[in-house]
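Report on one structure; see the data block that follows.
In UniProt numbering, the protein residues as written are 1 to 289.
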């Protein structure tokens with residue numbers, strides 16, 4: 001008999017794993033990313049406590065509100081965040097435990113964050129060439145021609161970086177990451193710094209990248225629409241812990257319910273706040289007489 005899952009303050013089960021994920025856990029774990037993380041950091045001692053593994057197939061979204069620990073988790077995977085205990089295993093390679101840590105540059109991954117971080121002194125072609133030179137000793141997974149076509153960069157190759165829009169810079173950043181021939185691509189809210197119009201322009205390119213399944217992708221976002229458009233699997237992170245995990249079609253139903261309930265509550269609170277504000281103004285006028 002299964003032990004009833006522990007309830008969180010949000011009314012959901014902590015560490016809930018869908019039936020499909022349980023079935024998948026019996027598959028070959030050599031193609032998984034296994035995480036055992038327990039760390040506290042920051043002035044308020046934020047605690048990230050995660051014990052899970054997931055398939056390195058398609059796109060896994062790490063979804064949750066701001067402050068949930070999504071970026072911290074991604075930095076741990078990338079080797080950019082010190083861990084006092086726990087372990088990270090990529091396929092059959094141990095990346096980190098209490099006694100050792102594989103440096104970031106030896107993990108064979110690429111990291112794209114909110115700011116594109118391109119080389120301003122090079123044009124678009126120069127940025128792509130840099131990635132290709134860095135990847136000369138790695139297995140060729142995708143060619144420059146394929147990446148340029150996938151992200152529609154041909155008209156931009158001779159452009160200077162400062163002439164690009166925010167959305168175009170993110171497309172170049174994605175291309176440069178792919179041309180480094182990584183075994184794993186980490187995307188940390190790549191659309192968070194662009195406006196709504198540019199987001200709508202760039203998202204289809206990211207969808208094409210995800211659909212191509214050139215390599216496993218971990219996509220961090222607090223935007224449920226992005227997650228719904230891109231993810232095959234979802235890890236729902238709240239307060240540094242995995243609240244739910246499983247295939248996107250299954251989890252999106254409950255996540256939509258949470259999202260809609262939060263929006264309704266926020267609308268009620270805003271209405272109450274407006275009422276209180278109007279009442280206070282009326283009282284101030286009465287006292288001023």
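Beta carbons are placed, not taken as given, at the ideal position from N, Cα and C, and that holds for glycine.
These figures come from a predicted structure and were not determined experimentally.
Beta-carbon proximity of residue i to residue j, cut-off 7 angstroms
i, j, result
"residue 147", "residue 120", "no"
"residue 112", "residue 182", "no"
"residue 131", "residue 104", "no"
"residue 59", "residue 232", "yes"
"residue 56", "residue 97", "no"
"residue 61", "residue 219", "yes"
"residue 114", "residue 192", "yes"
"residue 173", "residue 116", "yes"
"residue 71", "residue 188", "yes"
Of the listed residues the options, nearest to residue i (C-alpha basis)
i, options, result
"residue 38", "77, 63, 105 and 47", "47"
"residue 195", "220, 168 and 273", "168"
"residue 240", "55, 57 and 64", "64"
"residue 90", "81, 270 and 107", "107"
"residue 201", "171, 211 and 216", "171"
"residue 141", "197, 71, 72 and 184", "184"
"residue 251", "237, 263 and 154", "237"
"residue 204", "152, 118 and 282", "152"
"residue 36", "68, 71, 248 and 76", "76"
"residue 126", "160, 81 and 264", "160"
"residue 158", "99, 122, 242 and 71", "122"
Residue i Cβ short of 6 angstroms to the ligand FMN heavy atom set
i, result
"residue 194", "The ligand content of the structure shown is nil, which means the ligand FMN is not present either."
Cβ neighbour criterion (16 or more within 10 Å) applied to residue i
i, result
"residue 83", "buried"
"residue 109", "buried"
"residue 208", "exposed"
"residue 88", "buried"
"residue 124", "buried"
"residue 244", "buried"
"residue 118", "buried"
"residue 276", "exposed"
"residue 80", "exposed"
"residue 68", "buried"
CA-to-CA distance, residue j to residue i, given in whole angstroms
i, j, result
"residue 52", "residue 74", "14 angstroms"
"residue 206", "residue 136", "25 angstroms"
"residue 10", "residue 284", "Since pLDDT at residue 10 reaches only 34, below the 50 mark, its modelled position is unreliable, and no value is offered."
"residue 225", "residue 286", "47 angstroms"
"residue 279", "residue 50", "47 angstroms"
"residue 93", "residue 34", "10 angstroms"
"residue 235", "residue 85", "22 angstroms"
"residue 139", "residue 177", "14 angstroms"
"residue 268", "residue 246", "32 angstroms"
"residue 253", "residue 199", "24 angstroms"
"residue 281", "residue 263", "27 angstroms"
"residue 271", "residue 95", "50 angstroms"
Other residues of its chain near residue i: CB distance less than 8 angstroms, five sequence neighbours each side excluded
i, result
"residue 144", "128, 132 and 179"
"residue 24", "Interpretation of residue 24 is limited by its pLDDT of 45, a score under 50 that renders its predicted location unreliable; the figure taken from the coordinates is listed afterwards. Result list for residue 24: 55, in chain order."
"residue 248", "61, 227, 228, 231, 232, 233 and 234"
"residue 134", "180"
7 angstroms Cβ shell around residue i - same chain, five flanking residues per side excluded
i, result
"residue 150", "208, 209 and 212"
"residue 165", "198"
"residue 66", "222"
is_contact[residue i, chain D] using C-beta, thresh 7 angstroms
i, result
"residue 280", "In summary, chain D is missing from the structure at hand, where a single protein chain is found."
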